[in-house]
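Residue numbers 9 to 73, in the numbering used here, belong to the letters of the sequence shown in order.
These notes concern the structure reproduced below.
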Amino acid sequence: MNEELEKQAEEHLKFYLKAVDAYERLKVCEECDKYIKMAKICSACKCFMPLKTRIRQSKCPLEKW
């Protein structure tokens, strides 16, 4: 069962970026005029950016990352 759990965890983690890479994306967002700092939301896509920047397949609607 431990092997199966490890396999599932690996598959799940492929969905996310490493924290360092997500942080780089978030820094770009924080400098953007579309970023609403108080809510941590992008006014262009309406997403919660601390989460969106962690998702590997997500894209910036303004093509900044």
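Cβ coordinates follow ideal geometry from the N, Cα and C atoms, glycine included.
Beta carbon of C40: closer than 7 Å to some heavy atom of the ligand GDP?
No copy of the ligand GDP appears in this structure; indeed no ligand is present at all.
Give me whichever residues DSSP pairs with C50 in a beta bridge.
In DSSP, C50 forms a bridge with Y43.
State yes or no: is the C-beta of K72 within less than 8 Å of the C-beta of C40?
At the C-beta level, K72 and C40 come within 8 Å of one another.
Proximity of L70 and K48 at Cβ, strictly below 8 Å
Cβ distance not < 8 Å, so L70 and K48 don't count as in contact.
Alpha helix (DSSP H) segment containing P58, residue limits:
For P58, the uninterrupted alpha helix (DSSP H) segment begins and ends at 57–60.
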